[in-house]
Each structure stands twice: as structure tokens, then as C-alpha cells.
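To keep things clear, I will list the structure first and then write my remarks on it.
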Amino acid sequence: MSLFIDDALSAINAQEIKVTFNKELDKTTAEDPDNYTLADASHPADVVLTADKKSVLLSVTAMANTNTYSVDVTGVLAADYAKLAEDYEGATQVFLDQKAPTLVNAEFLKGNLVLTFDEPVAETMSVKVDGVVVADADAGTTSIDPVDASEDLGDYTVTVALPTALQTAGTHTVTVYDAQDTVDTDPNTLSVFTKTFTITTDTVAPAVASVTAYTADTFKVKFSEELTTDTQLSDLITAGKVVIKKGNLTLPTVTAEKDATDKTNTTYKITVAGDTTNPLYGDGETSVALNVSIKGYQDKANLFGKDYSGSVTLTKDAGAPKVLSANLNKVVGKTITVKFDEVIAGADATKVKVYKNGVSLPVAGAAVIDDADDDTLQITITTTDGSDVDTDPDDLTAGTYSVALAAGAVWDADENKNAAVTTSATLDNASKYLTGVAIDNATEPNVISVNFGTEMNDDAKALSNYKLDGVELPAGTTIDFVGSKNVVNIYLPANKYVIDSQAKLSISTSLKAKNGLVVADGAATKAYEEIVDITDNIAPELKSAKFVVADEDATSSSAIELTFSEGLAEQDADADGILDDYTLLVDGVSVSVAGNNAVTVGDKTLVITTAETINTAQKVEVKLVAKGSKNQEINTTDDSALANKVVVGAPVEVSGKVVAPQLP
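When you line the sequence shown up against my numbering, it's residues -16 to 647, in that order.
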């Protein structure tokens, strides 16, 4: 069954996003932050596989209500190393949390009060136990210990140091004040909450719960509870109170360390070794029975455990290292890594061959990666990868590499050597997203240039792939390639915009380049977008004209106020260019314009004057003079960057009066 994301991912609180799959996951790939891409193209700070092994928690920067988020997922493998059926591209979601945190548990552990909430909380709370303040957010003093909130994913506990006087056996009451969740800007607050917890006196001595084989030279000892210190078992070995025997022979080398994988802190790993005279495994032996004796161990209450005497059988590894899965192999830089099913002790580079497209590549070295697992072979290629175009000879380029391991190429600690095997490692494109898309204004006004930097298909000319201020491009917009199929120009319609402005152009993330790369800025939900200039491309029109009079009873005037459809450019008084733009028709007789008032940028009115006084009872029309012999240039323009010239249309009849404005 293929691996896929089973449920829609969701932010379960302000700092954690949960992603659930349909089957158990491989821990290594599931917890790799690079396999998850957030909306801003970053990766989560941490990833943890949950107990059911089907979900992961992603750590993100605390979100505020109405913030949006999304997650793309790639590279995660199932526990059986099956790949995702397809890369997951998460939809954009809105975060909303208006519920205050809840205190779900209180308990006494290791001298501390541990409070468990239903979500992460801030450390700005106050805590009272049996009426005594043990943590005060407002104390401003070191005499009261602060709350210590866990930073582990999925762990919503806070720890408060409990004074010795309050560590008495019995039932205690804890009161929490003003516990806030981690929602950014406006967190939800639990005003006050009370809970009880019980402290009991430890009267139960520790015991050895189990002794189990781990590796060929190591076994695990699990105790019923924590010991006094983490190093107690090592101290007991030094004191001769931990004795490991093979028959009557006491093994000379015994070491102990805490098992970091046991969250209960009760398990230790004990490693043993013989010497040259008496090795752990004799000639021909593949297993060894050991007698285990442990004395003098104590728990946190200093109670001694009963002496333990038991046995464990260790088995020598007889299996050869095997390649786990090609899906776990990686191409990184100029190296290829191959993961095995066990610890490998060494490698022979002469028995390693690498091919790409049938071409043998030079192997410079092969060695075991020295890390916590010691189960990965790293193969180094020094020159080219054989591809046609190799911009960086130190790095391998995208493609599939065949890795042939001859018998004996690697071996484990018991010198078991691998059988001949061929595996592969694949490097996808560094990104499936197109980088470096540039959006800018072209030289021509209201033309937007989009440079994709690579060849596009014809759908790059589809209007539906672009939006302006979040809506479809206006009717009349056209798009075409310019110079090559790498660049398109978007031509906004004429006579559309009445003022100079700006707008945001965004490109659909469903658009793909000819090479298959998605036109998105590093994440499936992050569109390329840019604010561009919009230029006024509508010419002003003369809308009305009125006589300028001293009062409403006046019957004559030598000034006319013109009103336009939009703001005008700045003009001086009595400007020759302006005067030539207009003529008056008084009952059909042409009358020249003698002057005009000064115009401030953005004014929609212009007052023109005549040398003669006009009777307001006559029919008077204002006529704009077209460019020609009587008018060298139309100088009445709007206040836009284009300085659109006034429309020369039909004459406008003067109608109505305006009383006594300041005349030019």
C-alpha cells in the first residue's frame, strides 16, 4: 500500500502542526525537517514522530489568530521504506484558537511539582500550593523560582520547584493563576484553576526488572525505578558490585551507560569484553552465556534493592550487512550515501563502482560515516557526474546513480562481509519550484513584464494565471511573449485607470515552466507577487461650465468656471498655452479667451476670462480647440504621470452661475 497523508494537516496549537499519514513511518525520514516546507519556504525547527508512528508534530513560530499556514511534504518514507505516492502540497489554512489552556494534571515528581496542560503555555504564570506562593510571575525576585515550561514537541508540562516544607506526604492543593497559551499577540488566558495532587512516601525498594541481550557484546538492565544517580551503575562496577562472568571467568572489562532511548531513565546498557587470553567468544563460538550479579543499587529514596543474580545469552553476529532500501540512499554534494541494516566497521573503495547513464564515475573514496548509527557508507566522487551540463564539477547533478558493491565492499564488527549487490540513489531537481521569477513595470506605461528566466508554455499567456490585487485582470488585458518564451508582457487596457496608483500582481502557483518546474516562490502555496505601478490612462473631459458672477442677480459676466472629470496638472495664471485651448461661442459668434486663473495640482476646476462682458441670457458654449493651426498643442492635462490631454469633444453650453470665486 502506498504512503499518503491520511488526514488534512492542522495546527493543533499556536506552535505545533500535526501531519497524519495512513501507515507507520520510517523514523529517520519522518523526523527530517528538510522534508517539510512551510508557507514562507522555511523548514520547521524540529519534527517528532508520535507514539502511534503514523503522525508527526512540526515546530513552528508561534502564530497569531488569523495567521495563515501551509505545509508541503516530500521525502518521507513509510516504515517499510515505501515512498509517498506523490509529494503533498498543503492548502493554505487559517489559524484560530480562542480557547484558554486547561490544567489537566498535577503531580509530584523528583522533588518538583509538574503541571500538565492541554497545550503549550508561557512561563508567565503564578502558582500557589496549600496557600504558599511557589512561583510568582510578578515577584521580580530570585527568592521564588520561576515556572520552567518544557520545550519538547507534544510535551505540555511545566515544572515548579517545590519547597521541602511542602513535600510532605498527603493531598495538596495547587492553584494556578493567569496561565497563557502561546498564541502570538493576544494569547488566551486561564484566569484561575485549582487541582489536587498527592505525595506518598516511597517505601518500595528498587529491583532489577529485566536483563536482555542487545548486541554481540552488550545487554540491557532495566530497573523498576530510577536509581539515585545516572552514574550509579558505573560506580558499582568500579566498586566491584557488578560482576559479569563467563563460566568461572570474571570478565575484565565491563562498562555501563544510561540508555538514552528510555524516557523513564531506568535502563542501562552494559558492554563487556574479554582479553587476548580469554576472549568473549572462543574459537567457533557464536553465542556466550553470561552470569550477571548486581548488588548495592539504590533508588531516589535511598532504598537498597535486593541483590540480583541472573543470566543472559549474547549472540555473535553471523549475518552480513545488507543494503536496507534504495529509497534511503541519498546524493549530497559530491557524495552518495548507502544505508545498511546494521553497524558497518569498514569499507573497501576498490570494490565500489558508481554509474550514471551507463557512464562510470571516478570513486575517490568510500568510508563509514562516523555518527550515532555507524550504518551508512559514504562514497565520494571527485570530478564530473557524466551529465551533459555540469555547472559545478564538485557537486553531482540531478538524476539516478547506480551503485555496484562487489562482495566484501563493506563488513561489520565481526568481519561478516556483504554479498555483491547493486543499489541506486536518486537526486531530484534541487527544487521543483522555479526560482528567480522577476515582475516589474515595462518601459511603456501600464505594461507589466514577467521574466520567468526559462522557457514557458503557451499557458503563460493565459489571463487566468494572473491576478491584480487578488482579482482577475480587467477586461481588455492582453498578454504576449516578448523577445523569447522566457518573458511575457501584460498589457493593461486603455482608458481604464483614472488615477496613478499601485497594485499587486500575483502569478498562479498552478502555472508550470516547460521544464516542469512550478512557478512558486519556494513553496506550493507561495505565489510570486510584486507591487507594480498603475498609470492614469483616462483623458480628462470637460463636464460643465458656469458663469462666474458677483451675486445671483447679476446678468453679465466676464469669467466662466470650467469643471473637469478629474484633477488637472498645475498651471500658471494667464498661460498662453491654456488660452489657446479654448474659444467661446456666444450665439454662434466666436469670442477669444483672455486669461485664466492659476491651477493647483489636483484641482478639477479652471476659470477662464474674456476681454468683453457677456450677457448671461445669451447662449454661450465653451469649445476646446484641437491641435492645429490655431492651437500648436493642447496644454490642459490631468495630473497623472502621463499628463493625459483633455478630450476635444462637442462644445459644452454654459449653464448656471457660481458666485464670486477669486477671479484671475
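Note that beta-carbon positions come from the ideal geometry of N, C-alpha and C, so glycine has one too.
Whether residue i touches residue j by CB criterion (9 Å)
i	j	result
residue 551	residue 504	no
residue 64	residue 307	yes
residue 319	residue 364	yes
residue 576	residue 554	no
residue 156	residue 112	yes
residue 160	residue 120	yes
residue 316	residue 415	no
residue 334	residue 390	yes
residue 56	residue 130	no
residue 169	residue 48	yes
residue 181	residue 154	yes
residue 110	residue 140	no
residue 539	residue 596	yes
Endpoints, beta strand (DSSP E) assigned at residue i
i	result
residue 163	153 to 163
residue 514	512 to 517
residue 348	346 to 351
residue 561	Element bounds for residue 561: not the beta strand (DSSP E) but the alpha helix (DSSP H), 559 to 562.
residue 292	291 to 298
residue 365	No beta strand (DSSP E) holds residue 365; DSSP gives it neither H nor E.
residue 308	Segment: none, residue 308 is in no beta strand (DSSP E) and carries neither H nor E.
residue 580	No beta strand (DSSP E) contains residue 580, which DSSP labels as neither H nor E.
residue 174	172 to 182
residue 118	115 to 118
residue 639	635 to 642
residue 604	603 to 607
residue 358	Segment: none, residue 358 is in no beta strand (DSSP E) and carries neither H nor E.
Residue-level contact to chain B via CB, residue i, 9 Å cutoff
i	result
residue 111	Absent from the structure: chain B. Only one protein chain is present.
Reference residue i, options the options, closest by Cα
i	options	result
residue 203	222, 227, 211	227
residue 22	389, 231, 508, 557	508
residue 548	130, 585, 68, 618	585
residue 53	20, 64, 568, 60	20
residue 481	520, 402, 511, 458	520
residue 322	393, 273, 343	393
residue 408	478, 159, 310	310
residue 388	398, 403, 511	403
residue 221	85, 256, 237	237
residue 271	290, 55, -11, 295	295
residue 428	-15, 162, 626, 176	626
residue 286	209, 353, 67	209
residue 568	543, 560, 554	543
residue 378	337, 314, 348, 10	314
residue 417	399, 463, 496	496
residue 93	69, 144, 51, 196	144
residue 212	282, 60, 633	282
residue 84	71, 174, 274	174
residue 536	573, 599, 580	599
residue 405	618, 439, 338	338
residue 15	32, 196, 642, 6	32
residue 436	602, 570, 464	464
residue 289	190, 107, 29, 35	190
Span of the alpha helix (DSSP H) around residue i
i	result
residue 215	215 to 221
residue 13	10 to 13
Cβ shell of residue i (< 8 Å), same chain only, five flanking positions each side left out
i	result
residue -2	42, 43, 44, 45, 46, 103, 165
residue 447	455, 491
residue 517	429, 475, 480, 483, 484, 485, 486
residue 587	546, 547, 548, 549, 550, 551
Contacting residues, own chain, Cβ-Cβ under 6 Å from residue i (five flanking each side not counted)
i	result
residue 185	284
residue 224	278, 279
residue 443	471
residue 252	201, 203, 240, 242
residue 514	485, 487
residue 126	For residue 126, the predicted structure reports a pLDDT of 45, less than 50, and the residue's modelled location is therefore unreliable. A value from the coordinates is still provided. Nothing meets the Cβ criterion.
residue 292	276
residue 655	This structure does not reach residue 655, given that the chain is present from -16 up to 647, and the question cannot be answered.
residue 489	450, 510, 512
residue 434	421, 470
residue 196	202, 295, 297
Those residues which DSSP pairs with residue i across a bridge
i	result
residue 206	191
residue 496	439
residue 47	Bridge partners of residue 47: none, in fact.
residue 55	20, 72
residue 382	410
residue 540	597
residue 551	621
Cut-off 7 Å between Cβ atoms - residues of its own chain near residue i, not counting five sequence neighbours on either side
i	result
residue 639	529
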